[in-house]
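In order, the protein sequences belong to chains A and B. Here the working numbering = 1-based position in the first sequence + 479. One point on numbering: in the working numbering, the residue at position 62 of the second sequence is 60, and numbering is uninterrupted. Notes for the one structure printed next.
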Amino acid sequence: MKRGVWFGLAIMAVVVLLVAVLMPAPAEMTRGHLGLLMLALIVVAIMLGFPTAFTLMGMGMFFGWLAFDYDTQKVLDLMVQRTFLVMTNDVLISIPLFVFMGYVVERANIIDKLFRSLHLALSEVPGSLAVATLVTCAIFATATGIVGAVVTLMGLLAFPAMLRHGYSVRLSAGAITAGGCLGILIPPSIMLIVYGATAGVSVVKLYAGAFLPGLMLTALYIGYVIVLAKLRPDLAPPLAEEEKRVPAPAWAEALMRDGRSLPIGLAAAALSPRGHPGAPQGEVWKMLIVAVLPLATAVLVMGMSYWGFAERATQLDAEPDLPTAIQPLGEATSGTAEPAPRAPGGLQEPPAESGLEQEQAGEPQPLGGVQEPAAEDKPQELTGGGMALDPAEAGGAPQALGVQAPPAAAGQGQDAATEPHTGWQIPVAVIAVVLAAILVWFYWFLDWKHLEVGWMLLTSFFPLTVLILAVLGTIVFGLATPSEAAAIGSVGGILLALAYRQLTWGRMKESVFLTARTSAMVCWLFVGSSIFAAAFALLGGQALVEQWVLSLNLTPIQFMLLSQVIIFLLGWPLEWTEIIVIFMPIFIPLLAHFDIDPLFFGLLVALNLQTAFLSPPVAMAAFYLKGVAPPEVTLNQIFVGMLPFMGLQLVALALLYAFPEIGLWLPNYLYK
Amino acid sequence: MQRLLLFVDEVSAYVGKAFAWLILALTFGITYEVMSRYLFNAPTSWAFDASYMMYGTLFMMAGAYTLSRNGHVRGDVLYGFFPPRLQAGLDLLLYLVFFIPGVVALIWAGTDFAEYSWGIREHSSVSADGPPLYPFKTIIPIAGALLLAQGLVEIVRCAVCLRRGEWPSRERDVEEVDVDELKKMVSFDDREIELAAQALREREQSK
Chain A
480 MKRGVWFGLA
490 IMAVVVLLVA
500 VLMPAPAEMT
510 RGHLGLLMLA
520 LIVVAIMLGF
530 PTAFTLMGMG
540 MFFGWLAFDY
550 DTQKVLDLMV
560 QRTFLVMTND
570 VLISIPLFVF
580 MGYVVERANI
590 IDKLFRSLHL
600 ALSEVPGSLA
610 VATLVTCAIF
620 ATATGIVGAV
630 VTLMGLLAFP
640 AMLRHGYSVR
650 LSAGAITAGG
660 CLGILIPPSI
670 MLIVYGATAG
680 VSVVKLYAGA
690 FLPGLMLTAL
700 YIGYVIVLAK
710 LRPDLAPPLA
720 EEEKRVPAPA
730 WAEALMRDGR
740 SLPIGLAAAA
750 LSPRGHPGAP
760 QGEVWKMLIV
770 AVLPLATAVL
780 VMGMSYWGFA
790 ERATQLDAEP
800 DLPTAIQPLG
810 EATSGTAEPA
820 PRAPGGLQEP
830 PAESGLEQEQ
840 AGEPQPLGGV
850 QEPAAEDKPQ
860 ELTGGGMALD
870 PAEAGGAPQA
880 LGVQAPPAAA
890 GQGQDAATEP
900 HTGWQIPVAV
910 IAVVLAAILV
920 WFYWFLDWKH
930 LEVGWMLLTS
940 FFPLTVLILA
950 VLGTIVFGLA
960 TPSEAAAIGS
970 VGGILLALAY
980 RQLTWGRMKE
990 SVFLTARTSA
1000 MVCWLFVGSS
1010 IFAAAFALLG
1020 GQALVEQWVL
1030 SLNLTPIQFM
1040 LLSQVIIFLL
1050 GWPLEWTEII
1060 VIFMPIFIPL
1070 LAHFDIDPLF
1080 FGLLVALNLQ
1090 TAFLSPPVAM
1100 AAFYLKGVAP
1110 PEVTLNQIFV
1120 GMLPFMGLQL
1130 VALALLYAFP
1140 EIGLWLPNYL
1150 YK
Chain B
-1 MQRLLLFVDE
9 VSAYVGKAFA
19 WLILALTFGI
29 TYEVMSRYLF
39 NAPTSWAFDA
49 SYMMYGTLFM
59 MAGAYTLSRN
69 GHVRGDVLYG
79 FFPPRLQAGL
89 DLLLYLVFFI
99 PGVVALIWAG
109 TDFAEYSWGI
119 REHSSVSADG
129 PPLYPFKTII
139 PIAGALLLAQ
149 GLVEIVRCAV
159 CLRRGEWPSR
169 ERDVEEVDVD
179 ELKKMVSFDD
189 REIELAAQAL
199 REREQSK
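Listed below in structure tokens is the structure:
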């Protein structure tokens, strides 16, 4: 046997010995002590490797029997009641649904396209391959939540690519393993459902709370890779020029040679009845859609902000205490702002036409149309442009008006009272100018690669992102319960797989069967743990733990640190499911004594347990990657590569701890 | 012997897989409910009861199937490093100490539970005309019995392993991470790995 095994067995022996020594003699043993004995034994029993659900069930039954003074009927009742509670639990019901969504999306084979499109889209970024890997992982892992599959797939797609481009083995391995584990934290994640069901915290709030910390962790990873690639280009060399290029097909070259810009050429080719010689009509339309999309978005944004501001202004005008004389003025000025929303539309043409014109000629001309209303209010834009928004937002609170008016009045010399009602055109004009500038800039530099990459993103990145955000959005904004959103997400996943022509009978069957097994695994664990927890509570183990913790006289901070350290250490021998279902019921009742929000605690636990996925030597992610890596890559290299990312997780944990607002702002904003 | 083991495996798997399809009913049922609530403004009264019943039945009936595929989570930090005979010995012991008593108790208690429910023709009280609860409660003893049968088979497996020093084979089934399947899905070319390995070797030499 290996030395590690003896080491492990020795640890277990020590636990058993400690229990034997510390426990009072059987005669003086109280029921609370029995409870603690039960807790110590369960840790040992779990380490023996027997399926945890049944260890918990069996042990819970024996100790429950002791707690009921050997009353068999009572313990039987307890068991079946607890089982039935799990069977009717309306939180756990989302688990099979989210698991199913994950398997369906995983089998839709989107990841290949997703990685390739992101890799091209991000080719200018330092460490582009590693950044693309992280982004791909974040999105795909969020949608599927299956660590093993994500790491294996990225190990096939991204790992060889990074190695061939001269990326260091460690950085490549770290990016893949760390990225693959992001799905555990970023909602909709199963872990948060399990925590919510155990701790009695609303899953909706947990999802709203975990969203920003998840994004923060992703951003930390990406930032680290970019900085590292900038400082040490030898670890992540930039792509060669020919790798970045996407060659345009001959027909597109021909379109451009006609002296027209790409979008105009595409439009002409698409609209002309005979089409362009040699240009497949389908391709032309595809690219035209991509080319028009930014314009459409800009018009939409413009229209929405115009209506939004105008609406607000009319609401303000409708307030009775306003001098009526000012109203015509407001209307008159609103007339001048009207061209603004149309401006981007008018703007679009010049740069497109001016393929040969000089920039100076192209630039001022389109801007001129918008500048008129903007120039009128120029001084304001500089002094109070940003502030002018405030009175409108403050809903016309008299105080805010008083403070706001002077600078604006100084700029314009207008009556202060008119400010909130006429001032709304300024932000609209600013938005119009900014959008117009972006559009000009965009269409000026638009080339074939952008269209091609745009199309790839449109068919891989956007559907997945929309799916995730739709599921999350409906939950967070209270339109649907998590289980309903998960069901809709599963239907979305099936539609996505259909759209990709990847939905085969075989894959459907696989997803269904895997869903049954994963759900049975998690939910039977709940059956076992709820019987166990009931026995523990009956024995009064909880009260003893509480007594003991309170006797330590910890400050809330000390308690928080202690509990997080314990959870971190438990993450080494145990799975996250076991930690949550067995140990959270012990921690949660203590939180009230220290005035800690169970929601905040849950976010910390989720972030904390994520580190367990990256901590050697138990990190499953490393083994999945090793399984598909070239034989030259050692497990040790992968472990070392994970370390910096694990460090970043600890940084994220510290940040979240220091600034709870990162996690709590969104739920507080939405639900209070 | 091996034939008997595989037969029970098959029964567990057959039942588990049959009930696994409930996930589709659950998915589309809930989606329909949400649609009828928002689009037709007519929330259904049966959706809540129906959905937790489908969920409960799904995971309970898949318990034995999961056990037959060794799919229940286990603390394998040490277990993974044990030689097969030690694994089998520990498993055998714990099957007898924890599993059999626990599951037998569950079947027993579940039978009483379901019997009582049948006796009073219990209906769900979530909505006014709730669906009957007794078939759903009967799931507990049935799922327990399946689990017990599968557990006995696992015990025999342990005994076989103790004698032979290696685990008897299991039925092949779809795996969560099946490298070959995943490779096929992304049409992976094994030369990619060779190319990467070559790049690594070249880098090593140039150092």
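Each residue gets a CB set at the ideal place from its N, CA and C atoms; glycine is no exception. Owing to the predicted nature of the structure, the values given are computational and were not obtained by experimental measurement.
Of 764(A), 1018(A), 983(A), the smallest CA-CA separation from residue 930(A) is found for 764(A). Residue contact with chain B for residue 1053(A): present (Cβ-Cβ distance below 8 Å to some residue of chain B).
When 66(B), 60(B), 27(B) are compared, the shortest CA-CA separation from residue 154(B) is found for 66(B).
Below the 8 Å Cβ cutoff, chain A contributes 572, 962 as neighbours of residue 49(B), in chain order. By the Cβ neighbour-count rule, residue 1027(A) is exposed, with fewer than 16 other Cβ atoms within 10 Å of its own.
Taking the beta carbon of residue 190(B) as reference, the chain A residues within 7 Å of it are 639, listed in sequence order. In this model, residue 554(A) and residue 98(B) are separated by some 16 Å (Cα to Cα). Secondary structure note for residue 120(B): it is in no alpha helix (DSSP H), with a DSSP letter that is neither H nor E. If the five residues before and after residue 953(A) are omitted, its C-beta is found closer than 6 Å to the C-beta atoms of 959, 964, all from its own chain and listed in chain order.
Minimum Cα-Cα distance from residue 969(A) among the listed residues 950(A), 749(A), 1137(A) corresponds to 950(A).
Contact note: residue 72(B) reaches chain A through 528, 529, 530, 531, using a C-beta cutoff of 7 Å and chain order. Beta-bridge partners of residue 530(A) (DSSP): 72(B). Annotation: Cβ neighbours of residue 487(A) in chain B (cutoff 9 Å, chain order): 75, 76, 79. Around the C-beta of residue 135(B), 16 or more other C-beta atoms lie within 10 Å, and the residue is accordingly described as buried. Distances from the alpha-carbon of residue 93(B) to those of 530(A), 606(A), 1146(A) put 530(A) closest.
Legend: CB atoms of the region 163 to 175 of chain B lying less than 9 Å from CB atoms of chain A belong to residues 171, 172, 173, 174, 175. With its beta carbon at least 8 Å from every one in chain A, residue 38(B) lies outside the interface. DSSP lists 121(B) as the beta-bridge partner residues of residue 130(B). Here residue 540(A) is not near residue 517(A), since their CB atoms are 8 Å or more apart. Distance from the CA of residue 493(A) to the CA of residue 499(A), rounded to the nearest whole angstrom, comes to 10 Å. Note that the region 56 to 73 of chain B does not touch the region 578 to 586 of chain A; fewer than 3 beta-carbon pairs, one per stretch, sit closer than 8 Å.
Among the CB atoms of chain B, none fall inside 8 Å of the CB of residue 1046(A).
Contact with chain A is absent for residue 87(B), since none of that chain's Cβ atoms lies less than 8 Å from the residue's Cβ. Across the region 648 to 668 of chain A, CB contacts with chain B closer than 9 Å involve 648, in sequence order along the chain. Contact residues of the region 981 to 1003 of chain A toward chain B are 989, 991, 992, 993, 994, 995, 996, 998, 999, 1000, 1002, 1003 (C-beta to C-beta distance below 7 Å). Unbroken alpha helix (DSSP H) runs of no fewer than 4 residues, entirely contained in the region 127 to 172 of chain B, are found at 132 to 162, following chain order. Judged by DSSP in its simplified three-state form, residue 790(A) adopts helix. For residue 664(A), the secondary structure class from DSSP, reduced to helix, strand or coil, is coil. Collapsing the DSSP output to three states places residue 536(A) in a helix.
The three-state secondary structure of residue 672(A), taken from DSSP, is helix. In the displayed model, residue 183(B) falls within a helix according to three-state DSSP. Collapsing the DSSP output to three states places residue 174(B) in coil. With its beta carbon at least 8 Å from every one in chain B, residue 564(A) lies outside the interface. Considering only beta carbons, the part of the region 622 to 638 of chain A lying closer than 8 Å to chain B consists of 625, 627, 628, 631, 632, 635, 636, 638, in chain order. Residues 596, 599, 600, 725 of the same chain have their beta carbon placed closer than 8 Å to that of residue 932(A), with the five preceding and five following residues left out of the count. The beta carbon of residue 67(B) falls within 8 Å of a beta carbon belonging to chain A, placing the residue at that interface.
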